[in-house]
Amino acid sequence: MTKSLDESLSYFKDKILDCIKSKKSIFVTTHIDCDGLTSGSIITKALIRAGANCTVRTSKEFSKNVVESFKTDSRDFHIVTDLGGGFASELDSTLGDNWIVLDHHQIPDKEIDNQNVINAWKYGIDGGVEVCAGGMTYLASMALDEKNSDLSAIAIVSALGDRQDQGERKSFTGKNFEIANTAKEQGLVDIDLDLLLVGRETRPLPDALAFTSQPFIEGLTWNRDACLSLLNSSGIKLKEEGRWRVPAELNEEEKRQVIESITKFTSGKNATEIMSELIGYTYTFPREDNRSFLRDGREFSTMLNSCGRINRSGVGMAVCMGDRNKILREGETILRDYRKMIREYMSILSNERWRISESETCIMVNGEDIVPETMTGTISSLIAGSPKNSGKIVILRTKGEENTIKFSSRKSFGCNSDINLSEIMRAGAEKFDGIGGGHNAAAGAKITKDKLDEFLNYLEVNVVNVSSTSSSQ
Ligand code: C5P
Ligand code: C5P
Numbered sequence: 001m002t003k004s005l006d007e008s009l010s011y012f013k014d015k016i017l018d019c020i021k022s023k024k025s026i027f028v029t030t031h032i033d034c035d036g037l038t039s040g041s042i043i044t045k046a047l048i049r050a051g052a053n054c055t056v057r058t059s060k061e062f063s064k065n066v067v068e069s070f071k072t073d074s075r076d077f078h079i080v081t082d083l084g085g086g087f088a089s090e091l092d093s094t095l096g097d098n099w100i101v102l103d104h105h106q107i108p109d110k111e112i113d114n115q116n117v118i119n120a121w122k123y124g125i126d127g128g129v130e131v132c133a134g135g136m137t138y139l140a141s142m143a144l145d146e147k148n149s150d151l152s153a154i155a156i157v158s159a160l161g162d163r164q165d166q167g168e169r170k171s172f173t174g175k176n177f178e179i180a181n182t183a184k185e186q187g188l189v190d191i192d193l194d195l196l197l198v199g200r201e202t203r204p205l206p207d208a209l210a211f212t213s214q215p216f217i218e219g220l221t222w223n224r225d226a227c228l229s230l231l232n233s234s235g236i237k238l239k240e241e242g243r244w245r246v247p248a249e250l251n252e253e254e255k256r257q258v259i260e261s262i263t264k265f266t267s268g269k270n271a272t273e274i275m276s277e278l279i280g281y282t283y284t285f286p287r288e289d290n291r292s293f294l295r296d297g298r299e300f301s302t303m304l305n306s307c308g309r310i311n312r313s314g315v316g317m318a319v320c321m322g323d324r325n326k327i328l329r330e331g332e333t334i335l336r337d338y339r340k341m342i343r344e345y346m347s348i349l350s351n352e353r354w355r356i357s358e359s360e361t362c363i364m365v366n367g368e369d370i371v372p373e374t375m376t377g378t379i380s381s382l383i384a385g386s387p388k389n390s391g392k393i394v395i396l397r398t399k400g401e402e403n404t405i406k407f408s409s410r411k412s413f414g415c416n417s418d419i420n421l422s423e424i425m426r427a428g429a430e431k432f433d434g435i436g437g438g439h440n441a442a443a444g445a446k447i448t449k450d451k452l453d454e455f456l457n458y459l460e461v462n463v464v465n466v467s468s469t470s471s472s473q
């Protein structure tokens with residue numbers, strides 16, 4: 001029989017206490033994105049606090065090879081976070097009972113009764129929006145010791161990184177909401193309704209306005225000069241002590257002036273929609289320095305994503321686990337490099353039109369030889385975020401290592417397709433001996449190169465040529 005969430009968490013606790021008592025070493029394997037780095041850090045920190053002997057590493061995906069590597073590993077017990085869905089039977093046969101998966105990805109039915117799989121969906125929790133791996137590891141850490149409630153702050157960063165802030169005005173729902181409230185009660189986070197400009201703590205005001213693409217404001221988004229002149233004419237002070245001011249420094253009156261100028265600029269056109277997207281909940285960590293990229297939850301999550309995506313996961317984990325010395329400088333450089341790379345890839349993709357094929361409901365993008373494998377998710381999310389692609393499904397592909405092709409798919413804003421991308425990617429990959437899965441609106445797959453044509457045909461039939469329905473999701 002399937003355990004309840006509480007029963008599973010206490011099962012987890014018993015297993016860990018047994019490891020500690022019998023001096024078994026624990027190996028944590030986690031994903032490279034923001035949710036992976038945060039969940040890996042949360043559980044590792046809780047294990048260290050509990051006195052466990054443990055080490056942690058990251059992996060860009062989970063596969064039979066990763067399970068194989070466990071076979072020869074000298075460590076006794078394995079915890080897998082933000083990865084591992086669909087591999088329960090392999091883990092059982094390789095590791096016996098010495099493993100636990102803490103995750104939020106959709107899993108095949110056959111895994112529901114496996115007690116070592118502690119996955120949100122089993123407990124009626126929507127792992128797409130109500131909790132992510134960071135939240136699941138936070139719950140596990142609380143089962144070990146309630147003193148771990150300070151880790152709730154990092155769990156907020158996970159949920160922001162996985163874009164689970166999908167409630168009204170970018171609020172959280174479900175477990176995420178509860179976790180954010182715990183952090184708030186402890187004074188670890190301030191949750192405010194504010195202007196949602198990208199780079200709240202670090203970007204000069206005109207850049208922040210220009211880089212904010214949700215909402216997309218015709219004439220302002222991506223146009224720094226226009227943003228600068230709008231802000232100048234609004235009368236607010238843009239510089240202070242010889243440096244640019246950042247959005248977090250605006251007072252209430254100045255925010256009102258910015259809103260008024262934007263409304264004037266758009267001559268009232270779509271004003272209600274623009275304002276409803278421009279104002280939402282912000283998550284600020286008051287213990288971090290002003291103008292640090294760790295102070296705003298969304299900027300923190302971008303920094304972590306950038307670490308994993310350019311193979312510097314260790315830096316991101318160190319920051320999550322509390323390192324605040326030289327490592328912060330490294331984080332800043334990584335974030336800068338990451339943003340530059342994104343601009344380069346996006347510019348090539350938009351110039352080389354042959355890479356893009358579009359149907360009424362879907363955009364297929366060939367990113368081979370341009371987009372590195374680790375960046376496919378970032379780039380497909382960005383393409384899906386562009387207003388000209390709204391309503392469509394985006395599928396980006398690129399080359400992976402060892403003759404593989406990696407696919408990353410996203411539903412864009414306003415996409416009302418009934419297709420569940422997680423199911424499409426998992427079933428398709430399985431059909432052609434690959435691996436795939438994820439969420440309804442964001443999923444990926446990997447196949448070998450020789451299966452590419454067949455896989456593209458499969459997508460053609462099951463996604464590209466499927467007309468969208470009017471049902472909402
Ligand atoms: O592996 P994982 O669940 O952590 O990754 C989910 C990915 O999907 C994240 O990169 C997140 O930003 C992206 N996502 C998205 N749009 C959504 C939900 C998730 O781009 N609506
Ligand atoms: O790689 P990408 O960001 O597109 O992945 C989207 C989502 O699909 C993530 O949550 C990722 O963990 C999941 N995924 C998966 N199996 C794969 C590839 C991606 O579960 N083979």
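Quick note on numbering: the sequence shown equals residues 1 to 473 in the UniProt record's numbering. In this text, a Cβ means the ideal position worked out from N, Cα and C, and glycines have one as well.
Query                                                                                                          : Result
Buried versus exposed, by CB contacts within 10 Å (16 or more), V461                                           : exposed
Sufficient close CB pairs (3 or more, under 8 angstroms) joining the region 140-159 to the region 175-191      : yes
Rounded separation between I334 and D207 - CA only                                                             : 19 angstroms
Inter-residue spacing [alpha-carbon to alpha-carbon] between S470 and G127                                     : The predicted model places S470 with a pLDDT of 39, which falls under 50 and marks its position as unreliable; any figure quoted below should be read in that light. Cα to Cα, the separation comes out at about 24 angstroms.
Touching by the beta-carbon criterion (3+ pairs, under 8 angstroms), the region 166-183 and the region 104-118 : no
L95 versus V67 - alpha carbon distance                                                                         : 9 angstroms
Contact the region 17-32 vs the region 72-85: 3+ CB pairs below 8 angstroms                                    : yes
Bounding residues of the beta strand (DSSP E) (the contiguous stretch that carries G437)                       : 435-438
Continuous alpha helix (DSSP H) assignments of at least 4 residues falling wholly in the region 57-130         : 64-72, 88-95
Simplified DSSP assignment, three categories, for S472                                                         : Annotation note: pLDDT 35 at S472 (below 50); position unreliable, coordinate value reported separately. Coil at S472, not helix or strand.
I32 beta carbon near ligand 2 (any heavy atom closer than 7 angstroms)                                         : no
Proximity test, G377 beta-carbon vs ligand 2 heavy atom, cut-off 7 angstroms                                   : yes
Stretch pair the region 401-412 + the region 377-384: three plus CB contacts closer than 8 angstroms           : yes
Unbroken alpha helix (DSSP H) run spanning C34, endpoints                                                      : 34-49
S408 (DSSP reduced to helix, strand or coil)                                                                   : strand
W244, DSSP secondary structure in three states                                                                 : strand
Strand pairing of F27, partner residues [DSSP]                                                                 : T55, H78
Pairwise C-alpha distance: E299 and S472                                                                       : Residue placement at S472 is flagged as unreliable, the pLDDT there being 35, under the threshold of 50; the coordinate-derived value follows with that caveat. Near 30 angstroms, if we compare the C-alpha coordinates of E299 and S472.
Cβ-based neighbour list, G385, same chain, cut-off 8 angstroms, excluding 5 preceding and 5 following          : S213, Q214, S412, F413
Under 8 angstroms between C-beta atoms of R291 and V246                                                        : yes
7 angstroms CB neighbourhood of Y11 in its chain, flanking five on each side removed                           : K3, Q115
Cβ-based neighbour list, I100, same chain, cut-off 7 angstroms, excluding 5 preceding and 5 following          : F12, K15, I79, N116, I118
Those runs of the alpha helix (DSSP H) which lie wholly inside the region 358-386 and span at least 4 residues : 376-385
Beta-carbon spacing of I154, Y281 below 8 angstroms                                                            : no
DSSP state of A441 mapped onto helix, strand, coil                                                             : coil
Buried or exposed (CB count within 10 angstroms, at least 16 for buried), C352                                 : For clarity, residue 352 is Glu in the given sequence; the question names Cys instead. When all chains shown are included, E352 counts as exposed.
Segment contact, 8 angstroms Cβ cut-off, at least three pairs: the region 16-25 with the region 49-63          : yes
Whether L144 touches I279 by CB criterion (8 angstroms)                                                        : no
E7, buried or exposed, once every other Cβ within 10 Å from all chains shown has been counted against 16       : exposed
Within 8 angstroms, strictly: CB atoms of G219 and A226                                                        : yes
Whole-angstrom distance between Q257 and M341, CA atom to CA atom                                              : 34 angstroms
Bounding residues of the alpha helix (DSSP H) (the contiguous stretch that carries T302)                       : 297-309
Helix, strand or coil at residue 505 according to DSSP, with G and I counted as helix                          : Residue 505 cannot be examined here, being either before or after the span of the chain that is shown, 1 to 473.
Enclosing alpha helix (DSSP H) for I236 [first to last residue]                                                : Unbroken run through I236: none, as it is neither H nor E.
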